[in-house]
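Okay, structure first, notes after.
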Amino acid sequence: MAIGARLPHLTCTEACSPDELQRLLRPRSDVVVEEPDLSTPEDALPPGTPAAEAAFRAVGGPFTQYRRTVHILERRDAECLVRQHISYRLSVPVWGWFLTPLANRELRRPRSDGQPFWAPAERLDPRSGQVLGVLCLLGVVAGYLGTLLSQTITFAFDEFDAGLATQGNTLTAVRVGVLLALALVALADRRGRRPVLLFAAVAGCLVATATAASTGVWTYGASQAVSRSLATAMLVLLVVIAAEEVPAGARAYAVSVLTLSAGLGSGMVVWLLPLADLGLRAWRILFLAPLLALPLVLFCARRLPESRRFAPQPAETPPSGHPGDAERRRRRAKRMFLLGCGALGVSLFAAPASQFLNEFLRSQRSFSAGNISVFQLSINTPAAIGVLIGGRFSDVRGRRRIGALGLAAGAAFTVFRYVADGWPMWMWGVLAGIFGAASVPIMGAFGGELFGTSKRAGSNGVITTMGVIGSVIGLQIVGRFTDAGGEFGHVFAMIAGAPLVVALLILFVFPETAWRELEDLNPEDLKPADRAARPPPG
Numbered sequence: 027m028a029i030g031a032r033l034p035h036l037t038c039t040e041a042c043s044p045d046e047l048q049r050l051l052r053p054r055s056d057v058v059v060e061e062p063d064l065s066t067p068e069d070a071l072p073p074g075t076p077a078a079e080a081a082f083r084a085v086g087g088p089f090t091q092y093r094r095t096v097h098i099l100e101r102r103d104a105e106c107l108v109r110q111h112i113s114y115r116l117s118v119p120v121w122g123w124f125l126t127p128l129a130n131r132e133l134r135r136p137r138s139d140g141q142p143f144w145a146p147a148e149r150l151d152p153r154s155g156q157v158l159g160v161l162c163l164l165g166v167v168a169g170y171l172g173t174l175l176s177q178t179i180t181f182a183f184d185e186f187d188a189g190l191a192t193q194g195n196t197l198t199a200v201r202v203g204v205l206l207a208l209a210l211v212a213l214a215d216r217r218g219r220r221p222v223l224l225f226a227a228v229a230g231c232l233v234a235t236a237t238a239a240s241t242g243v244w245t246y247g248a249s250q251a252v253s254r255s256l257a258t259a260m261l262v263l264l265v266v267i268a269a270e271e272v273p274a275g276a277r278a279y280a281v282s283v284l285t286l287s288a289g290l291g292s293g294m295v296v297w298l299l300p301l302a303d304l305g306l307r308a309w310r311i312l313f314l315a316p317l318l319a320l321p322l323v324l325f326c327a328r329r330l331p332e333s334r335r336f337a338p339q340p341a342e343t344p345p346s347g348h349p350g351d352a353e354r355r356r357r358r359a360k361r362m363f364l365l366g367c368g369a370l371g372v373s374l375f376a377a378p379a380s381q382f383l384n385e386f387l388r389s390q391r392s393f394s395a396g397n398i399s400v401f402q403l404s405i406n407t408p409a410a411i412g413v414l415i416g417g418r419f420s421d422v423r424g425r426r427r428i429g430a431l432g433l434a435a436g437a438a439f440t441v442f443r444y445v446a447d448g449w450p451m452w453m454w455g456v457l458a459g460i461f462g463a464a465s466v467p468i469m470g471a472f473g474g475e476l477f478g479t480s481k482r483a484g485s486n487g488v489i490t491t492m493g494v495i496g497s498v499i500g501l502q503i504v505g506r507f508t509d510a511g512g513e514f515g516h517v518f519a520m521i522a523g524a525p526l527v528v529a530l531l532i533l534f535v536f537p538e539t540a541w542r543e544l545e546d547l548n549p550e551d552l553k554p555a556d557r558a559a560r561p562p563p564g
């Protein structure tokens, strides 16, 4: 690919049959939707290139600029030598280094079977591409902030001379800070998603940095309670904005790439974790990194608009006493109950399985900080496969079967990970990560889809609170059981029934939401004149 004066240029020369030539001379509809372009700027083409047989510009796809021209260099009896010139710029900021090689591969030849595996099932437009790219950058920040506690607590409490029971109590107490997250996301339903998200990002970085100056258990726990709450609010609002911005056939995909971005931020903590081996107080170094994220937050603030569903066309709530009020309240209560139970059951198992992993590896498997880092990266990196499969396939084939399978298998493999030793522990860890991760974008998509615009952020805050309650219960059970001398594997086998029940709920009770517009699922978001024309949601 050569770089022209204005845009990157992709040049493809190949021999084509008459049928293949006709395909190239028609507007394409795959990663990009084209229409004929009658303008003829040829100044960027190599000297001697013949005039274009056809030229096209984009009318759909995540491109801020796009132009494709087709030139016939040589005509033969059975085939023609054809050269395409494609100049484009993706609307996705920063992530172009990763996406451009994938886009180049797809743009060389038109597809006949829809979107490539790495793209959403429904094509993004320039705005949704830009917004999703910005949200992913903020997801990296939220992931880093949200992981600091679980990765550093065992080293910090060594310095503070605190035991395992104190760790469990601190992890439980820190979760009380979710009330701050609940207040922030509820505020986002009234003041807008963008200002609350950016406030949480800046404040979270500053408070996390303050943890580096902790003098004991109380200051460490208090600062992390606030920082984690702000990170939680960020993650909730990232999912809400993504659900409101991307097309119906790309919502689970959007949650999956946000999950991967947050995972990248979490991984950065693991990358830096070996620094904790430098000395008793060296864990504090990891809390200085959020200062470096502040310029990134400013970069995102300049490119993130308010959610299109919140700002331009806020939901019109029917007046009190409207005939649909009771039905709407019943529907919201049922969905809140289902998703709240789901969050509670999943977190009851997943939170202690994650939070106590470092302690398990360090105390029962004699891992050093460096070995812990290697193990975490080895099991978490393949989990990206599960996230992508879960998001992409649930947009295409539906949420329920994939979500149920991922939860059930992930829980079972996690129990095996805590029971096994040696290489089987690593194998079960990889499988637990892949299958468990497949359910993450599905649960996130449900939260963004099943509530109206005026209640979406607040409802997801309540669901997050239920998840925190589940994690508190799970942490207390596992902490007290192991502190009394019990085995990690035994207690995780006991509480694995919680995610299995949630898997059954997803399979048999949850509504199917794939490829349905938010207004179909939440009729209260429709204008009054349009409500009668829409069928009731499932």
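Take the sequence shown: its letter number 112 is residue 138 in my numbering, and every next letter is one higher. Glycine residues also receive a C-beta, built at the ideal position from the N, C-alpha and C atoms.
query                                                                                                                                                           : result
Taking the straight line between their C-alpha atoms, what separation do you get for Ala519 and Ala430?                                                         : 18 Å
May I ask which residues mark the beginning and end of the alpha helix (DSSP H) holding Ile311?                                                                 : Note, Ile311: premise wrong, no alpha helix (DSSP H); not H, not E.
Just to confirm, are Pro142 and Ser117 a CB contact at a threshold of 8 Å?                                                                                      : no
Do Leu224 and Ala327 count as a contact pair if the criterion is CB distance below 8 Å?                                                                         : yes
Quick check on DSSP: helix, strand or coil for Gly371?                                                                                                          : helix
Does DSSP classify Ala31 as helix, strand or coil?                                                                                                              : Here Ala31 scores only 36 on pLDDT, less than 50, and its place in the model is too uncertain to base an answer on.
For Ala463, which residues of its own chain have a beta-carbon under 6 Å away from its beta-carbon, when the five flanking residues on both sides are left out? : Ala409, Gly412 and Val413
Per DSSP, His97 is paired with what?                                                                                                                            : Arg109
Which stretch, first to last residue, makes up the alpha helix (DSSP H) that contains Glu545?                                                                   : Leu544 to Leu547
Taking C-alpha atoms, which residue in Leu526, Gly523, Arg52 and Val160 lies nearest to Gln324?                                                                 : This sequence places Leu at residue 324; Gln is not what is there. For Leu324, the nearest C-alpha among the options comes from Val160.
Going along the chain, which residues of its own chain have a beta-carbon closer than 7 Å to the beta-carbon of Ile521, five neighbours each way excluded?      : Leu374, Phe375, Gly500 and Ile503
Does the beta carbon of Phe382 come closer than 8 Å to any beta carbon on chain C?                                                                              : Within the model displayed, chain C is absent; a lone protein chain is all it includes.
Compare the Cα-Cα distances from Gln48 to each of Glu79, Arg217, Phe124 and Val59 and report the closest residue.                                               : Glu79
Looking only at its chain, what residues have a beta carbon closer than 8 Å to the beta carbon of Asp63, apart from the 5 residues adjacent to it on each side? : Ala81, Phe82, Arg83 and Arg93
Please report the residue range of the alpha helix (DSSP H) in which Glu385 lies.                                                                               : Leu383 to Gln390
Is it buried or exposed, Thr539, if we count other Cβ atoms within 10 angstroms and call 16 or more buried?                                                     : buried
Is the distance from the Cβ of Ile532 to the Cβ of Arg426 below 8 Å?                                                                                            : yes
Grab me the residues of Ile405's own chain with a C-beta within less than 6 Å of its C-beta, minus the 5 sequence neighbours each way, in chain order.          : Gly455, Val456 and Gly459
I need the straight-line Cα distance from Pro549 to Arg334, nearest angstrom please.                                                                            : 17 Å
Starting from Glu270, trace the beta strand (DSSP E) both ways and give me its first and last residue.                                                          : Looking at the DSSP string, Glu270 is not in any beta strand (DSSP E); the run it does join, the alpha helix (DSSP H), is Val243 to Glu271.
Within 10 angstroms of its Cβ, does Gly511 collect 16 or more other Cβ (buried), or is it exposed?                                                              : exposed
Hey, how far is the Cα of Leu552 from the Cα of Glu545?                                                                                                         : 6 Å
Less than 8 Å between the CB atoms is what I'm expecting for Val120 and Cys42, so what's the real figure, rounded?                                              : That pair is no contact at about 36 Å.
Below 6 Å CB to CB, which residues in the same chain sit around Ala207 once its five sequence neighbours on both sides are set aside?                           : Ser255, Thr258 and Ala259
In three-state terms, what does DSSP make of Thr343?                                                                                                            : Confidence at Thr343 is low in this model, with a pLDDT of 49, below 50, so the placement of that residue should be treated as unreliable; the coordinate-derived value is given next. Coil, per DSSP.
The beta strand (DSSP E) spanning Phe82 covers which residue range?                                                                                             : Ala80 to Gly86
Could you say which of Trp541, Gly493 and Ala434 lies nearest to Thr198 if we only look at CA atoms?                                                            : Gly493
Based on Cα-Cα distance, which residue from Gly165, Cys367, Leu365 and Val243 lies nearest to Gly289?                                                           : Gly165
Buried or exposed, going by whether 16 or more other CB atoms sit within 10 Å of the CB of Glu100?                                                              : exposed
Do Leu320 and Ala434 have their C-beta atoms closer together than 8 Å?                                                                                          : no
What does DSSP give as the partner residues of Cys42 in its beta bridges?                                                                                       : Cys106
Using CA atoms only, rank isn't needed, just tell me which of Thr479, Arg542, His516 and Cys38 is closest to Leu213.                                            : Thr479
According to DSSP, is Pro338 helix, strand or coil?                                                                                                             : Here Pro338 scores only 44 on pLDDT, less than 50, and its place in the model should not be relied on; the value that follows carries that caveat. Coil, per DSSP.
For the beta strand (DSSP E) that Pro62 lies in, which residues bound it at each end?                                                                           : Val59 to Pro62
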